[in-house]
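Yeah, the sequence shown ends on 569 if you go by my numbering, and it's all consecutive.
In this text, a Cβ means the ideal position worked out from N, Cα and C, and glycines have one as well.
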Amino acid sequence: MTQLKHYLETRKKLKAYEYVMWLMSWDAETEAPKKALEYRSKQLEVMAGEVYAIQSDKHYVQAIESLHEQLDTLDKDLQTEIKKEFRELRFIKKVPKDAYIAYQVLLSKSVPLWAEAKHKNDFKLFAPTLKEIVEYQRNLVKYLEEEHLKGYDLLLDMYEEGFTQKEYDFFFDTLKKELVDFVKEVTKDPKPLHPKLVNGPFDQDKQKVFSEYLLDVFFYDRERGLLKTSEHPFTSGVTSVDTRITTRYLEDNLASSIFSTIHEMGHGLYEMQNDPKYDDTYLHGGTSLGIHESQSRMYENMIGRSKAFWQVHYKKLQEVFAPQLDDVTLDDFMDYMNHSARTLIRVEADELTYALHIMVRYDIEKRLISGDIEVEDLPKIWNDTYEAYLGIRPSTDTEGVLQDIHWSGGSFGYFPTYALGSAYGAQIYDAMEKDIDVDQAIKNNNIQAINDWTKEHIHQYAQSKTPKEIMLIATKKPFDPMYYVNYLKGKYAK
Ligand SMILES: [Zn+2]
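Right under this line is the structure:
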């Protein structure tokens, strides 16, 4: 059998396993009965073992290596895919198997331990495990280091290809210079919000009606996707014909479900609008976390929080919640959902302060991976950094260093992509406005015109282009953080 044929047949098999495992985890996070956890874990372990065996099978590895040596005999997309798969082999080839397995076992225990520590406000409970995770990450960068990619850079590049400390330092230094004082100024004396919007309660069934309405407004294809609920909203997809999203309905927070639904729809549209020719390949999906987040945040913040949008849809919201919002005006609602405040919790942060939360994490991760600071130092450094950037100090570790799940899952280098995504989003939106009348499209309730633009300039390419290439295609310029700074300043200076 030729190497190409072997590669394609194995890929077909892997895609089938991955689809089944994906369905299992989707089910687990949305609807599975609680007590099925242990049974499901057992089955998942078997499946994961099979997948590992197929992926690390020497004939499959050889097929990838040999195709990588004759790239120019392959078509363009297959070249990109083989390069990507060849790079993935570094994990099998360079990381000692024992270390890898021990790490997987560690991770399977660390998330529940982190959750307990967070619940009990007890950092010491989680610290020894976090220390082991950090140790592994420090070793990982040594196993994988290349001449031009070492230390924290290696981790950053795993989540956002081509972005290392050099790029991120420039990005965050710009934000530091432009935004830290600006945020303090804007949030100095907050305008009181309409009590009916702050207090609720907001009927969950009515919130659901409105979220379903939003799916239609954004032309989210219900025949290729669906909307369910989960504790933390997310998007999950494996093909352009099956891209699912979740939201959550909180009785005391109306904005939460509305903007979670739009945010996840932004992610969902990206994958749904991938060219279907990638469905059976390893190029389906978003090209990077940052570009993915640019889409969710652009749809959520720049379209979903715009005045034009609510000029069209606020009546519907009032109608669904009637008579609760009858005496709440459109301007009251605009103030409510674009309100900015310096708070301690990243996931609840508003659009303006969000990047400062990410800056804190970037600074800390950078020093932690380099060995400049240790796990024991984290609570104090965390609090000091919050004080420096946001001017507020957590009084507990639950609200401080323990608030995010990421480190307990071994994700270092992930956080910066959130801020980068918002910044990409601003630059992309600016380019889109030069091509089409975005405001008018929103006012005409024609979001499809926006979807068509994002499909043509970003979504269709799936992973066949790098993040840097996507920025050039979509905006005709390399990434520039000033689009983001100017967007935020323009919006919040008012
Ligand atoms: Zn997102």
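heavy atom of ligand 1 below 8 Å from Arg380 C-beta: False, no ligand heavy atom lies under 8 Å from that Cβ.
Any non-hydrogen atom of ligand 1 closer than 8 Å to Glu104 Cβ: The answer is no for Glu104.
Exposure of Phe245, with buried meaning 16 or more beta-carbon neighbours within 10 Å: Per the 10 Å Cβ criterion, exposed.
The alpha helix (DSSP H) enclosing Lys303, as first and last residue numbers: Not the alpha helix (DSSP H): Lys303 falls in the beta strand (DSSP E), residues Leu302 to Thr304.
Coarse secondary structure for Leu400, derived from DSSP in three states: Leu400: coil per DSSP, three-state reduction.
Neighbourhood of Ile366 by C-beta distance below 6 Å, restricted to the same chain and skipping five residues each side: Shown here for Ile366: same chain residues with a beta carbon closer than 6 Å to its own, the five before and five after excluded, namely Pro542 and Ile545 in chain order.
The stretch 470 to 481 touching the stretch 283 to 291, judged by at least three CB pairs closer than 8 Å: Inter-segment contact for the stretch 470 to 481 and the stretch 283 to 291 is absent: fewer than three beta-carbon pairs are separated by less than 8 Å.
Unbroken alpha helix (DSSP H) run spanning Asp228, endpoints: Under the DSSP assignment, Asp228 falls in the alpha helix (DSSP H) whose first and last residues are Gly226 to Tyr234.
Thr310 Cβ short of 8 Å to ligand 1 heavy atom set: Within the cutoff, so yes.
Near ligand 1: Glu339 beta-carbon under 8 Å from a heavy atom: At least one heavy atom of ligand 1 sits closer than 8 Å to the Cβ of Glu339.
First and last residue of the uninterrupted beta strand (DSSP E) at Arg319: Residues Asp317 to Thr322.
Continuous alpha helix (DSSP H) stretch holding Val273: start and end: Here the alpha helix (DSSP H) through Val273 covers Pro270 to Asn274.
Buried or exposed (CB count within 10 angstroms, at least 16 for buried), Gly237: Exposed, since its Cβ has fewer than 16 Cβ neighbours within 10 Å.
Where Val313 falls: helix, strand or coil (DSSP): Taken through DSSP and simplified to helix, strand or coil, Val313 comes out as strand.
Beta-bridge partners of Leu325, as assigned by DSSP: In DSSP, Leu325 forms a bridge with Asn328.
Rounded C-alpha distance that separates Tyr499 from Phe396: The alpha-carbon atoms of Tyr499 and Phe396 are separated by roughly 35 Å.
Closer than 8 Å: Glu426 CB and nearest ligand 1 heavy atom: Not so, every heavy atom of ligand 1 lies at least 8 Å from the Cβ.
Heavy atom of ligand 1 within 8 Å of His367 beta-carbon: Taking 8 Å as the cut-off, one finds at least one heavy atom of ligand 1 near enough to the beta carbon of His367.
Limits of the alpha helix (DSSP H) - the one that Leu119 falls within: Membership of Leu119 in the alpha helix (DSSP H) is indicated by the continuous run Leu112 to Ser131.
Beta bridge counterpart(s) of Glu221 as assigned by DSSP: In the DSSP assignment, the residues bridged to Glu221 are Leu224.
Residue of Leu443, Glu160, Gly379 and Gln538 minimising C-alpha distance to Glu207: For the residues Leu443, Glu160, Gly379 and Gln538, the minimum Cα distance to Glu207 belongs to Leu443.
Distance, Gln212 Cα to Asp459 Cα: Just so you know, the alpha carbons of Asp459 and Gln212 end up roughly 24 Å apart.
Status (buried if at least 16 other CB within 10 Å, exposed otherwise) for Gln386: By the 10 Å Cβ count, Gln386 comes out exposed.
Under the three-state DSSP convention, the category Gly500 falls into: In this structure, Gly500 counts as helix in the three-state DSSP scheme.
Cβ-heavy atom distance, Arg323 to ligand 1, below 8 Å: Not so, every heavy atom of ligand 1 lies at least 8 Å from the Cβ.
Ser415 beta carbon less than 9 Å from that of Val261: Contact: yes.
Contact test: His342 Cβ vs ligand 1 heavy atom, cutoff 8 Å: Answer for His342: yes, Cβ within range of ligand 1.
The alpha helix (DSSP H) enclosing Val95, as first and last residue numbers: Residues Gln78 to Thr105.
From Pro265, Gly343 and Pro308, residue whose alpha carbon lies closest to that of Glu298: Comparing Cα-Cα distances from Glu298 to each of Pro265, Gly343 and Pro308, the minimum goes to Gly343.
Under 9 Å between C-beta atoms of Thr155 and Gln535: For the pair Thr155 and Gln535, the CB atoms are not nearer than the 9 Å cut-off.
His307, DSSP secondary structure in three states: Three-state DSSP puts His307 in coil, outside helix and strand.
Limits of the unbroken alpha helix (DSSP H) element including Pro187: Lys172 to Lys195 is the span of the alpha helix (DSSP H), which, as asked, contains Pro187.
Where the alpha helix (DSSP H) through Leu364 begins and ends: Following the DSSP letters along the chain, one finds Leu364 inside the alpha helix (DSSP H) bounded by residues Leu364 to Arg372.
Simplified DSSP state of Lys266, which is helix, strand or coil: Lys266 falls in the coil class under three-state DSSP.
Three-pair Cβ contact test at 8 Å for the stretch 372 to 388 versus the stretch 510 to 521: The stretch 372 to 388 makes contact with the stretch 510 to 521; the number of CB pairs closer than 8 Å reaches 3 or more.
Three-state secondary structure assigned by DSSP to Lys552: Coil, per DSSP.
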